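Top line first, the protein sequences correspond to chains A and B.
Residue numbers for the first sequence, in numbering that gives the first Met the number 0: 0 to 894.
Residue numbers for the second sequence, in numbering that gives the first Met the number 0: 0 to 116.
Ideal Cβ placement from N, Cα and C applies to all residues, glycine included.
As the structure is a prediction and not an experimental result, all values here were calculated from the model.
First the structure, in the form of structure tokens, and then the observations on it.
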Amino acid sequence: MTASTKGAARRSYRVLLRAYPRAMRERYGEEMEETFLALLRWEGEQGGLMGKVNAWVRGGWDAVAGGMLRRFDLGPEYSGGDGPYRRPIKRSGAREMLGTIWGDIRFAVRALIRRPLFAATVILTLAVGIGANASVFTLVDGLLFTPLPYEEPEELVLLFEENQVRGWDKVSVSPLNAQDWAGRSHALEDLATFYNQDFSLTGDGPPELLSGVRAGPNLLGLLGRTPVLGRGFSEEEVGEGRDGVVILTDGFWQRHFAGDRGALGSIIVLEGVPRVVVGIMPPEFRFLDNRPDVFLPLDLIPADQPRGAKFLRALGRLAPGVGLDEARTELRQIALQLEEEYPETNADWTVQLISLHEDMLGPWGKSASLILMVAVGFILLMVCVNLANLLLARGEHRARELAIRTALGAGRGRVIRQLVTESLVLGSMGGALGLLLAHWGYRGVVAALPTYTSPNFQFGLDGSVLVFTLGITLAAALLFGVFPALRASRSGIGELRDGGRSGRSASSAHHGSALVVLQTAIAVVLLVGGGLLIKSISGMKNQELGFEPQNVLVVRLTPPAAEYPERADTRAFWNGVENRVAEIPGVVGVGTTHFHPLMGTTELRTVRMVGEEEGRTARLTYLSGGLFDALGFRVVAGRPIQSTDDEDAPEVAVVNEAFVRMYLGQDVDPLNTLIWTGSDTLPPVPIVGVIHDVMEADLAQTPGPALYLSISPAAVRTRSLVIRTAGPPGEMIEAIKQAVWSIDPKLPFSQVETMEELVENNIGGFVVIANLMTFFACLSLFLGGLGIYGVTAYSTGRRTSEIGIRLAMGAEPRDVVRMVVRQGGRRALLGLVLGLVLAFLVTRAMGSFLVGVNVRDPAVYLSVTLILAGVSFLALWIPARRASAVAPMEALTSE
Amino acid sequence: MAKTTSQKLESKWFHILLSLADQELHGTAIMEEVLLRTGGAIRLWPGTLYGALRDMASQGLIQEVEPPEDAPTEGGKRRFYAVTRRGRVVLAEEVSRMEELVHLARARRVGEALEGT
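Put into structure tokens, the structure is as follows:
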């Protein structure tokens, strides 16, 4: 035994010893631990792992039961008298009961050891069922039930702008609107705005790209989390030029300053501007859904911003006692007022309120968790059904034993208690093993979660998981144990009379078949659920993206404002980078854009057709001419943006098919249309091309109207560099870095991603659910098949003599097979029909996150029916075939 | 005779007294001595062992004694026990009760068949 396992054993045993009263523990505790460790070592030497298990079971019982008896002063009583010593005169009631329970348990363990195959089958099956449940519950517990690590997290809400007329939701917020909401609302106690920004850190070491948050001064306080060292931001530090301060997260502090407290008050250079470190956040602090390195004050004053510019994120805290709906109603009212006051910018725009927890879960998090939980619960139910079947069959084998015990005076209650104890022993062993499986299982599940899952969700086999596992273990043990125990205990003394030939097989088979119907139905539901998800995912993978993700690299770069102050500098930098990268051998296309597809961020712009009063909203993408080729956008009419569409050329626009369809209609030739793309002071811009719709936001959302403008005149600073390569893109990263550094050797590089990774990540969450559902569906199919097989094999076994008579009377073996299959087939068919109806009802809940698949997809239902029919037939045919193969004479003498 | 058979000493107490008959031992050593002597048949689990030691001490069958000078402590203090006079009497009575039982059985030739095989 190594020192560490010994330490762990000692600690575990110490927990058990807590059953003793404190006085006893203090006096003997250490010595008891030592004695136990000595016994544990001895048992291990004698019996290996089984010895150790025995030591834990016996020693554990000794500690807990002995401790409870001492604690409640139920120890042996001693007579007085004049003998040489006083002796125990009677055992107290409690001690007696504990004694009998212990006796029952010992009896059960011995009975199980005599049938190791039976015991192993039950324990393993149960372990799989409980392990799967505990794993999924760990996930669900972390996602749904563990509160977020903020003060009063249920009061936190995210606010977005929403335009129901255009179908835009979860749009970023305009600073002025946010200011008005906060000022006029009573339901909101506080509202803070922020946005994410990357900063290049320069100084002594190599340049580094930091992820940061530009935050209003009240953001951290609103979360209830303040710096552990130093202070937060003040109102005076908000605004460009005044924001020379920075708060570090613990991760960055440790990485960059090695946790040195002297960092407070020191100066770091971000974006070429020196900034004083005024605060350091505590290690356990997590920001909403990303892992920032630094917080900086907002660099803008709302009053200086146009009301139509929507680019901030907004976090609010509800006033105490105010519900989400109440706050929503009030804020929508305020939005209506704003619509009247600022019709130019605010027409059709309203507020969207989402609880922070719900937003972090994502649109599918909650329903997916519940669906998985239901699926895995069904699995456990099937396991229990199988085990109940097994115990029912075994109960008949034990009928004689139980009859003898009854004849010897054991009451029915006593027999039931013994049988249920056996189930509980089996259950707790299965539960313990299941917990062990879950210990690995949940890691697998959590590791497979999509990368964008918020770091705020923490998973682990904590107390609530243990309680849950204990609960389902008990429930399962009772579920599969009580019913067979009730049946088995009903055996009378009659069992003994006619040599144990029981006439109960018919009724047992009847119960068995009811269980088979149930199992088949559950299997159908799970298979349909799994099938729908698989189909949905393959649909997502194969649906038209509007771009070709293969062999495409994306990297975000920001030339620092301090070194590239003018628009011309930025343009020169980006043109240089594009040209230099294009020269690399193996690069077939290169372009830049301010937001690339599936990045998760988009910008909206209100546009107006010439001759129309009403503004319309479109997603705006600035891009360079090379991007069309680099991403493989398909031009369906006119021409793309070209590199000649620069700041000196007249401005042109490209739109997508959705834009034409929704805003222009079929009668208008888009290529002859002029639109105003921003302020009315500039001349309208001609549409020169139409491209096929591109999946911009995410794969589950149909693309809306989109507008593409040349990036060169706008001189956007932070851009995505998009590169299409001829070969595997991973090999090109180094050459691309060198090309960029030949323009600016100090420029920091962030993560280089491939477009394919982005697509995968976007499907990620669905893949996890679908894989789990598929796994559960296969498991259910296996369990269902096993159940049908077990019941059929058992009932044909009981009917050996009947079959023998039939064969002796001239029946052909295939007649016997047909008979057995037909009888079992009726049950399977009933289960199938029941299951299909149930699936029809249950899968409706999945509709919210199925893409491109109808919940009633006939192909899925058909294939499930076929698969299940096939498996059922096999599970019926194998035992039927075996039954028909017996020799008639053998069959007749079998009893 | 009838009196002694009715005063059967609990078997765990008997074994504890026996292991202390010719030496002073601490709890774990008592457990190990009983374990080796009975070939592993009797395992004194800690709850049982220390409960018994406490009860036996309170009835004056054994008493705590100072640990020997050279005894290793293995980190914590260990309590050593010795049999009291009273304990020796009880042990002797139990042994003679067992002898009588064996004697009775032998008189009826119980167990001879087993020894023969």
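Subject >> Proximity test, Cβ basis, 8 angstroms: L16(B) and chain A >> reply: no
Original post:
Can you pull the DSSP bridge partners for I167(A)?
Top reply: Note on identity: in this sequence residue 167(A) is Trp, with Ile being the wrong assignment. Beta-bridge pairing links W167(A) to N162(A).
**OP:** Would you tell me roughly how many angstroms separate the C-alpha atoms of V606(A) and G529(A), rounded to the nearest one?
**Re:** 44 angstroms
**OP:** Kindly identify the DSSP beta-bridge partner or partners of A592(A).
**Re:** First, the residue type needs correcting, since residue 592(A) is Thr and not Ala in the sequence shown. Answer is L622(A) and S719(A).
Original post:
Hey, is T99(A)'s beta-carbon within less than 8 angstroms of any beta-carbon in chain B?
Top reply: no
Original post:
Per DSSP, M608(A) forms a beta bridge with which residues?
Top reply: I674(A)
Original post:
Looking only at its own chain, which residues have a Cβ that is under 6 angstroms from the Cβ of I192(A), when we skip the five neighbours before and after it?
Top reply: Sequence check: residue 192(A) is Thr here, not Ile. Hits under 6 angstroms: A177, G215, L311 and A313.
Subject >> Chain-ordered neighbours of R36(B) on chain A, where CB pairs are closer than 9 angstroms >> reply: None at all; the shortest Cβ gap to chain A is about 13 angstroms.
Original post:
Run through DSSP, which three-state label would T795(A) get?
Top reply: helix
Original post:
Of all Cβ atoms in chain A, is any one closer than 8 angstroms to the Cβ of R87(B)?
Top reply: no
Subject >> is_contact[M30(B), chain A] using C-beta, thresh 8 angstroms >> reply: yes
**OP:** Could you tell me whether any Cβ in chain A is nearer than 8 angstroms to the Cβ of R105(B)?
**Re:** no
**OP:** Could you tell me which of I686(A), Y788(A) and T592(A) sits nearest to A714(A), measuring between CA atoms?
**Re:** T592(A)
**OP:** Check whether the Cβ atoms of G830(A) and A520(A) lie closer than 8 angstroms to each other.
**Re:** yes
Original post:
Which same chain residues, not among the five before or five after D81(A), have their C-beta less than 7 angstroms away from its C-beta?
Top reply: Per-residue confidence for D81(A) stands at a pLDDT of 40, beneath the threshold of 50, marking its modelled position as unreliable; no derived number is given.
Original post:
Who are L200(A)'s beta bridge partners in DSSP?
Top reply: E207(A) and L269(A)
Subject >> 8 angstroms contact criterion, which P174(A) and Q304(A) should meet: CB distance rounded >> reply: 5 angstroms
Original post:
If you draw a straight line from the C-alpha of G796(A) to the C-alpha of G823(A), how long is it?
Top reply: 14 angstroms
Original post:
Can you tell me whether DSSP reads S800(A) as helix, strand or coil?
Top reply: helix
**OP:** Can you pull the chain A residues whose beta carbon is under 8 angstroms from the beta carbon of T27(B), in chain order?
**Re:** E30, E33, T34 and A37
Subject >> Rounded distance between the beta-carbons of R77(B) and E30(A), thought under 8 angstroms >> reply: 6 angstroms
**OP:** For the segment 44 to 63 of chain A, enumerate the residues whose C-beta is nearer than 7 angstroms to any C-beta of chain B, in chain order.
**Re:** Q45, R57, G58, D61 and A62
Original post:
Looking only at its own chain, which residues have a Cβ that is under 7 angstroms from the Cβ of D103(A), when we skip the five neighbours before and after it?
Top reply: R416, Q417 and T420
Original post:
Should W12(B) go down as buried or exposed, given a rule of 16 or more other Cβ atoms within 10 Å for buried?
Top reply: buried
Original post:
To the nearest angstrom, how far is it from the Cα of E752(A) to the Cα of R881(A)?
Top reply: 59 angstroms
Original post:
When the Cα atoms are used, what is the spatial distance from G470(A) to Q45(A)?
Top reply: 35 angstroms
**OP:** Only counting runs of 4 or more residues, tell me where the alpha helix (DSSP H) segments fall wholly within the segment 92 to 148 of chain A, in order along the chain.
**Re:** 92 to 113 and 115 to 139
Subject >> Length of the line joining the Cα atoms of L142(A) and A629(A) >> reply: 38 angstroms
Subject >> CA-to-CA distance, L835(A) to G130(A), given in whole angstroms >> reply: 28 angstroms
Original post:
Which of the residues in the segment 45 to 58 of chain B, read from start to end, lie with their CB under 7 angstroms from any CB of chain A?
Top reply: P45, G46, T47, L48, Y49, G50 and Q58
Original post:
Would F572(A) be called buried (16 or more neighbouring beta carbons within 10 Å of its own) or exposed?
Top reply: buried
Original post:
Grouping DSSP H, G and I as helix and E and B as strand, with all else coil, what is E973(A)?
Top reply: Since the first residue of chain A shown is 0 and the last is 894, residue 973(A) is not available in this structure.
Subject >> Contact check, S453(A) vs V156(A), beta carbons under 8 angstroms >> reply: no
Original post:
Mind checking if R84(B) is an interface residue toward chain A, Cβ cutoff 8 angstroms exclusive?
Top reply: no
Subject >> For A110(A) and R500(A), the rounded distance between their alpha carbons >> reply: The predicted model places R500(A) with a pLDDT of 47, which falls under 50 and marks its position as unreliable; any figure quoted below should be read in that light. Their backbone Cα atoms lie some 23 angstroms apart in a straight line.
**OP:** Within the same chain, show all residues whose beta-carbon is closer than 7 angstroms to that of I267(A), passing over the 5 residues directly before and after it, in chain order.
**Re:** L200, G202, V245, R274 and V276
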